[in-house]
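Undergrad:
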Amino acid sequence: MAAAVRSEAATDAHGPRANGGTVAAIEQKLWSGCIPVVFSLHASEVTTLHAPRPFYAMIPRMSYLVAQTREVVEYFRDAAPPFGGLQGAQIWFEAPGGTPLKWHLPFGVLWDTLGGANEASVLPWPITVHFQSFPSEELLPCENEKSIEIHFMHSLKQATFLRSGSTKVIMGMPEAQQSQIWTSVIKNDYQSYREATKELQLEVNDRASSSNPLRMLPIRVHVDKEPAIQMPIAPFSNGDEGQEKTLHDVLGYLLPDLFPSQIECKVVVHGIPVPPEVSVLSLYRNFAYPDGFLYVSVVPRHQPNNV
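Under numbering that gives the first Met the number 0, think of the first position of the sequence shown as 0, with each following residue one higher.
1. What first and last residue would you give for the alpha helix (DSSP H) that runs through residue 145?
2. Which residues does DSSP list as the beta-bridge partners of residue 39?
3. Which runs of the beta strand (DSSP E), 3 residues or longer, sit entirely within the segment 258 to 287?
4. Between residue 246 and the rest of its own chain, which residues show a CB-CB distance below 7 Å, the 5 nearest in sequence each way excluded?
5. Determine the closest residue to residue 154 out of 290, 77 and 297, with distance taken between C-alpha atoms.
6. Need the endpoints of the beta strand (DSSP E) that residue 56 sits in, please.
7. In angstroms with no decimal places, state the Cα-to-Cα distance between residue 112 and residue 221.
8. Rounded to whole angstroms, how far is the Cβ of residue 131 from the Cβ of residue 99, which I believe are closer than 8 Å?
9. With H, G and I counted as helix, E and B as strand and the rest as coil, what does DSSP make of residue 249?
10. For residue 254 and residue 235, what's the separation of their Cα atoms in angstroms?
11. Taking the alpha helix (DSSP H) that residue 76 falls in, what are its first and last residues?
12. Which residues share a DSSP beta bridge with residue 25?
13. Just verifying my parser: in three-state terms, what is the DSSP assignment at residue 228?
14. State the DSSP-derived secondary structure class of residue 121, mapped to helix, strand or coil.
15. Terminal residues of the continuous beta strand (DSSP E) containing residue 219?
16. Quick check on this structure: which residue in 196, 259, 232 and 226 has the alpha carbon closest to the alpha carbon of residue 213?
17. Which stretch, first to last residue, makes up the beta strand (DSSP E) that contains residue 102?
18. Among 41, 44, 66 and 49, which one has its Cα closest to the Cα of residue 184?
19. Tell me whether residue 303 is buried or exposed, calling it buried when 16 or more other Cβ atoms sit within 10 Å of its Cβ.
20. According to DSSP, simplified to helix, strand and coil, what is residue 93?
21. Put residue 199 into one of helix, strand or coil per three-state DSSP.
22. I'd like to know if the segment 31 to 50 and the segment 124 to 140 are in contact, where contact means that at least 3 CB-CB pairs between them fall below 8 Å.
23. Taking the C-alpha atoms as reference points, what is the distance between residue 200 and residue 121?
24. Give the range of the alpha helix (DSSP H) segment to which residue 178 is assigned.
25. Pick out whichever of 224, 257 and 156 has its Cα sitting closest to the Cα of residue 138.
26. What is the rounded straight-line gap between the Cα of residue 256 and the Cα of residue 250?
27. Which residue comes first and which comes last in the alpha helix (DSSP H) that contains residue 167?
28. Quick test of your reading: residue 217 and residue 162, contact by CB under 8 Å. State the CB separation rounded to the nearest angstrom.
29. Spell out the partners DSSP gives residue 243 in its beta bridges.
30. Rounded to a whole number of angstroms, what is the C-alpha to C-alpha distance between residue 106 and residue 32?
31. Less than 8 Å between the beta carbons of residue 288 and residue 57, yes or no?
32. Suppose you measure from the CA of residue 52 to the CA of residue 187; what does that come to, to the nearest Å?
33. Contact defined as beta carbons within less than 8 Å: I believe residue 292 pairs with residue 195. What is the distance between those atoms, to the nearest angstrom?
Structure follows, in structure tokens:
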């Protein structure tokens, strides 16, 4: 899948603009991408004589761990410590090496940053399930599934404001339409998502056009397990009259210690290593996540393994 996406995106990144049909084709391929995972209950939390067998799943890149949580909980609950159900439960997931997985990040971002960053990583990705000892110092509290939806919609509103300077369009949506956006992400339903977000779709940005101008690029950069780096990024240097900024321009600004004149890191977007000279506007146009942000995973080349 990654090879097909690279092929379709290459023309837009280095040459002629992609039209709406090409962007939609790339988006469909991205939405079809899944990461194989094997869930295991932590040994210290097994309450039965024998540990339960692992649970295997395919998790869409565009979705979130919450999409799998209910099924995972039902699978392990008979062997797990007593708990009061998903509402307010202290269930959390751990990557190899002991890193708690952040529930508010798209699953593709988690894999790119912590799992697939190193060539030695294996699939299916082994994830440990915990029913106790929620690491509140490292993870945001998650009271229920609704809190994840609220966080997602807040992120989408933030991205919309950065792009257009207003959240009027999304705030004016009926509640049912806003719910459809989140449901389509959890169910990995691309067509439903496109339908629900049609008012938010940006036309291919042409600086000669004054309609629907793109003000700022919503970008979040992740390095290892650190909090995301996020700052407003203008798509062009020196205003609309300048050249499109490259990925190296942006990362050199956000991470000057890691991005001097020589590239010392591997940069990954949707599982694809990205060259530094690519237009960050083209990247955003083709590879933004459903919450409206472009997520960039940065892995220092000297690190043997992040997990």
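Every residue gets a Cβ at the ideal spot worked out from N, C-alpha and C, and that includes glycine. The model shown is predicted, which means the values in this text are computed figures rather than measured ones.
TA: According to the structure data:
1. 144 to 163 is the extent of the alpha helix (DSSP H) around residue 145.
2. 127.
3. With a minimum length of 3 residues, the continuous beta strand (DSSP E) runs that stay inside the segment 258 to 287 are 264 to 268.
4. For residue 246, where only same-chain residues beyond five positions count, the Cβ hits under 7 Å are 266, 273, 275, 277, 279 and 282.
5. Closest by C-alpha distance to residue 154, out of 290, 77 and 297, is 290.
6. Per DSSP, residue 56 is one residue of the beta strand (DSSP E) stretching across 54 to 59.
7. Looking at the two C-alpha atoms, the distance is approximately 7 Å.
8. 13 Å between Cβ atoms; not a contact.
9. Here residue 249 carries a helix assignment [DSSP, helix/strand/coil].
10. Distance from the CA of residue 254 to the CA of residue 235, rounded to the nearest whole angstrom, comes to 19 Å.
11. No alpha helix (DSSP H) contains residue 76, which DSSP labels as neither H nor E.
12. Residue 25 is not bridged to any residue.
13. Correct three-state label for residue 228: strand.
14. Reduced to three states, the DSSP call for residue 121 is coil.
15. Per DSSP, residue 219 belongs to the beta strand (DSSP E) from 218 to 222.
16. Closest option to residue 213, Cα to Cα, is 232.
17. Premise fails: residue 102 is in no beta strand (DSSP E) and is neither H nor E.
18. Minimum Cα-Cα distance from residue 184 among the listed residues 41, 44, 66 and 49 corresponds to 66.
19. Confidence at residue 303 is low in this model, with a pLDDT of 47, below 50, so its placement is unreliable and the value that follows should be read with caution. Exposed, because fewer than 16 other Cβ atoms sit within 10 Å of the Cβ of residue 303.
20. Correct three-state label for residue 93: strand.
21. Reduced to three states, the DSSP call for residue 199 is helix.
22. Touching, yes.
23. C-alpha separation (whole angstroms): 36 Å.
24. For residue 178, the enclosing alpha helix (DSSP H) has its first and last residue at 174 to 185.
25. Of the listed residues, the one whose Cα sits closest to residue 138 is 224.
26. If you take the alpha carbons of residue 256 and residue 250, they lie about 10 Å apart.
27. Residue 167 -> alpha helix (DSSP H) spans 167 to 170.
28. The Cβ separation is near 6 Å, so the contact holds.
29. Bridge partners of residue 243: 235.
30. Using only the alpha carbons, I get a separation of about 11 Å.
31. Going by C-beta atoms, residue 288 is not nearer than 8 Å to residue 57.
32. A straight-line Cα-Cα distance of about 27 Å links residue 52 and residue 187.
33. Residue 292 to residue 195, Cβ: 17 Å. No contact.
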